[in-house]
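Take a look at the structure below.
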Amino acid sequence: LRCFFRKMDVTANIGAETGQDVILPCQTPDNNPVIVVEWRRNDSVSEYVLLFRDDQLDPDNQQPTFRNRVDLLFRPIKDRNASLVLKNVTTDDKGTYECRVIERDPKRGQRAGLTSEPVSIVNLDVVPPGESVSWFVFL
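According to this note's numbering, the residues represented by the sequence shown are 3 to 141, in order.
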């Protein structure tokens, strides 16, 4: 197995009003087939926001508040896009989200390993309708 340990300095700041759907961006490091996409909020060590593996969503250990509200923008993943769709956001969704991936190593046909660093970090700010959002998308 070969592990990717490259530091990806991709941070996005996204603002939304409660009730909106948002897309949290994530690009895979290479254009290799993706085996696993892991989205976590940085305040949870044991539970996922979304785990995609074996070409399907894995609900085991998913944070209950995200069930039936998250999906990948594209399934199967295409054009290196592993972005997360978060539906009907609430102020409880405010926080920092991290995306990590496992890709297949095309030279060996094996897993390349979970990146130790996130390939994308997204800061999400959610406010009640009518209030001004403190930030917008900056990539």
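Glycine included, each C-beta is placed from N, C-alpha and C at the ideal position.
Source: prediction; values computed, not measured.
Going by Cα to Cα distance, which pick from the options is closest to residue i?
| i | options | result |
| --- | --- | --- |
| residue 14 | 22, 26 and 20 | 26 |
| residue 102 | 70, 129 and 43 | 43 |
| residue 120 | 133, 80, 85 and 96 | 85 |
| residue 72 | 56, 51, 78 and 57 | 51 |
| residue 125 | 106, 104 and 96 | 96 |
| residue 83 | 24, 28, 22 and 127 | 28 |
| residue 54 | 66, 131, 37 and 21 | 37 |
| residue 40 | 23, 20, 33 and 65 | 65 |
Which word fits residue i, buried or exposed, when buried means at least 16 other C-beta atoms lie within 10 angstroms of its C-beta?
| i | result |
| --- | --- |
| residue 122 | buried |
| residue 93 | exposed |
| residue 62 | exposed |
| residue 76 | exposed |
| residue 18 | buried |
| residue 105 | buried |
| residue 139 | Because the pLDDT of residue 139 is 45, which lies under 50, any placement of that residue in the model is unreliable, and the number read from its coordinates should be weighed accordingly. Exposed, since its Cβ has fewer than 16 Cβ neighbours within 10 Å. |
| residue 67 | exposed |
| residue 57 | exposed |
| residue 107 | buried |
| residue 24 | buried |
| residue 47 | exposed |
| residue 6 | Below a pLDDT of 50, predicted positions are generally treated as unreliable, and residue 6, at 37, falls in that range; no measurement from the model is reported. |
Hey, quick one: how far does the beta strand (DSSP E) through residue i stretch, first residue to last?
| i | result |
| --- | --- |
| residue 34 | Looking at the DSSP string, residue 34 is not in any beta strand (DSSP E), and its letter there is neither H nor E. |
| residue 99 | 97 to 107 |
| residue 54 | 52 to 55 |
| residue 123 | 122 to 129 |
| residue 19 | 13 to 19 |
| residue 88 | 86 to 88 |
| residue 26 | 24 to 26 |
| residue 72 | 72 to 74 |
Within 9 Å of any Cβ in chain D, is that where the Cβ of residue i sits?
| i | result |
| --- | --- |
| residue 89 | Structure shown: chain D not included; a single protein chain is present. |
CB of residue i to nearest heavy atom of the ligand SAH: below 8 Å?
| i | result |
| --- | --- |
| residue 30 | Looking for the ligand SAH in the displayed structure turns up nothing, as the structure carries no ligands at all. |
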